[in-house]
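Engineer: Take 1 as the starting number for the sequence shown in full-length UniProt numbering and just add one per residue. Here a beta-carbon is modelled for each residue, glycine too, at the ideal position from N, C-alpha and C. Handing you a structure now.
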Amino acid sequence: MSLQPFSVLPSLADSVFSDRFSRIDKLFSQLTGDSPVTSVPAYDLQRVEDNHYALTVSTPGWKEHELEIELRGGRLSIAGHREKASQESTGEAREESGGWIHRGIARHDFQLNFSIPEHMKVTGASLAEGLLRIDLIQEIPESEKPRRIPIAIGGPRTLEHH
Numbered sequence: 001m002s003l004q005p006f007s008v009l010p011s012l013a014d015s016v017f018s019d020r021f022s023r024i025d026k027l028f029s030q031l032t033g034d035s036p037v038t039s040v041p042a043y044d045l046q047r048v049e050d051n052h053y054a055l056t057v058s059t060p061g062w063k064e065h066e067l068e069i070e071l072r073g074g075r076l077s078i079a080g081h082r083e084k085a086s087q088e089s090t091g092e093a094r095e096e097s098g099g100w101i102h103r104g105i106a107r108h109d110f111q112l113n114f115s116i117p118e119h120m121k122v123t124g125a126s127l128a129e130g131l132l133r134i135d136l137i138q139e140i141p142e143s144e145k146p147r148r149i150p151i152a153i154g155g156p157r158t159l160e161h162h
């Protein structure tokens with residue numbers, strides 16, 4: 001279980017290091033034949049409007065009753081837990097009997113965790129074509145929004161009467 005930062009303005013360093021780790025992990029997995037450490041699904045984060053965002057998680061083969069979305073405190077958790085009957089119907093029971101030649105499609109339970117900013121709310125979720133979309137909105141109260149302070153040039157001005 002890893003905690004992903006969910007930032008409205010993601011840090012370039014975070015994305016560069018995360019991307020480099022993923023590439024190194026994939027390279028070693030190809031060389032050794034092992035499965036990658038990062039077995040969490042891929043996700044996209046999109047700004048739809050000024051304060052409206054869409055988090056899209058790749059969940060091919062998952063059904064809505066196998067997925068769980070929870071918002072608690074400043075943490076958004078997305079988990080996928082396959083049912084025993086579902087695992088048997090996908091052929092994991094047949095794998096033991098030797099029917100598979102290659103298993104490249106990951107069928108592991110997963111959990112994604114995001115640390116989200118204050119005032120971020122989940123407004124809805126939908127599952128279509130193997131993509132789980134979570135709609136988020138950030139509602140910052142007027143009193144907490146940044147405001148621009150004008151700067152006077154040359155100090156305070158006084159009016160002279162001629």
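Measure from the alpha carbon of T59 to the alpha carbon of each residue in H81, R47 and N51, then state which is nearest.
Structural biologist: Of H81, R47 and N51, the residue nearest in Cα terms is H81.
Engineer: In this structure, does DSSP put I24 in helix, strand or coil?
Structural biologist: Three-state DSSP puts I24 in a helix.
Engineer: Classify I140: buried if its beta carbon has 16 or more other beta carbons within 10 angstroms, exposed otherwise.
Structural biologist: Counting Cβ neighbours within 10 Å, I140 comes out exposed, since fewer than 16 surround it.
Engineer: Once the 5 residues before and after R94 are set aside, which same chain residues still bring their CB inside 6 Å of it?
Structural biologist: Unreliable placement is indicated for R94, whose pLDDT of 48 sits below 50; the coordinate value is still reported in the next sentence. Correct list: empty, nothing qualifies.
Engineer: Tell me the DSSP secondary structure of E83 in three-state form.
Structural biologist: Looking at E83 - three-state DSSP - the assignment turns out to be coil, as it is neither helix nor strand.
Engineer: Could you say which of L131, M120, R72 and L27 lies nearest to T56 if we only look at CA atoms?
Structural biologist: Among L131, M120, R72 and L27, the Cα nearest to that of T56 belongs to L131.
Engineer: Pull up the distance between the alpha-carbon of G124 and that of G104, whole angstroms please.
Structural biologist: Going by the C-alpha atoms only, they are around 32 Å apart.
Engineer: Quick one: Cα of V8 to Cα of W100, how far?
Structural biologist: Below a pLDDT of 50, predicted positions are generally treated as unreliable, and V8, at 49, falls in that range; no measurement from the model is reported.
Engineer: Do I78 and L127 have their CB atoms nearer than 8 Å?
Structural biologist: Against a cut-off of 8 Å, the Cβ pair of L127 and I78 comes out as no contact.
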